[in-house]
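A short write-up of the structure that comes next.
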Amino acid sequence: MIEEFLGVSVEKLLQSAGETIYMVGFSLILGALLGAVIAILLWLTRKGGLQENKIAYGIINGVINIIRSTPFIILLVCVMPVTKFIVGTRIGTKAAIVPLVIYIAPYLARLIETSLLEVGNGIVEAAKSMGANTFQIIIHFVLPEAFASIILALTTGTIGLIGATAMAGYIGGGGVGNLALTYGYQMFNFRLMFFTVVVLIAFVWLIQSLGNTLARKRRVHE
13 MIEEFLGVSV EKLLQSAGET IYMVGFSLIL GALLGAVIAI LLWLTRKGGL
63 QENKIAYGII NGVINIIRST PFIILLVCVM PVTKFIVGTR IGTKAAIVPL
113 VIYIAPYLAR LIETSLLEVG NGIVEAAKSM GANTFQIIIH FVLPEAFASI
163 ILALTTGTIG LIGATAMAGY IGGGGVGNLA LTYGYQMFNF RLMFFTVVVL
213 IAFVWLIQSL GNTLARKRRV HE
């Protein structure tokens, strides 16, 4: 029934959904870790930061701006040698994770930096007065205070990744977006296109709702 209506098998639909979840999941974890480190470095080295360093801040800030201003489809092509070196191939779902991480890490870094900057100077000054060092200030004071905002930042990044996975089909990344383009748009299968759009909307709605709920609960407990 489903195969006749959509023009593709149930197995293909499940495979595409799994590929999207795989790409988004791994890219988000790696991108969030890298983005958090970059964000903390930006927060520390900014003007008036705990470890103010104009040169370091300028270099990091410049690299972020360059990557963020590069269209993802161009980034896919540019990092192919890096992808080949890391995973041993330029095509496939695993290969798509490399450019996705490079794409999302600076984006999340900027969002997380904004979350850290929302923490009042009073929190930092109070931590200093208690004798906390830089590491302790970040781990025990700043990050917990900004955690609710960071959750929303990760939610926004996840939604951005879902959109990027569609373009990852250029290197055979697969996923729901690639299914819509290859089996839907290119084959004039409008039922499948509509179905995949609904699925992606459901993904986005679920992720956004989950992020909002977690952030709200975090703020209640603060």
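Counting in the working numbering, the sequence shown runs from 13 upward without gaps. Every residue, glycine too, gets a C-beta built ideally from N, C-alpha and C.
Three or more C-beta pairs below 8 Å linking the region 208 to 219 and the region 58 to 74: no
Range covered by the alpha helix (DSSP H) that runs through Arg122: Thr105 to Leu129
Which of helix, strand or coil DSSP assigns to Gln27: helix
For Leu62, the three-state DSSP class (helix, strand or coil): coil
Validate contact between the region 44 to 54 and the region 123 to 139 using beta carbons, cut 8 Å, 3 pairs: yes
Reduced DSSP secondary structure (H/G/I, E/B, other) of Pro93: helix
Leu42 vs Leu173 beta-carbon contact at 8 Å: no
First through last residue of the alpha helix (DSSP H) which encompasses Ser141: Asn133 to Ser141 is the extent of the alpha helix (DSSP H) around Ser141.
Limits of the unbroken alpha helix (DSSP H) element including Thr170: Leu155 to Met179
Assigned exposure category for Pro83 - 16 Cβ within 10 Å defines buried: exposed
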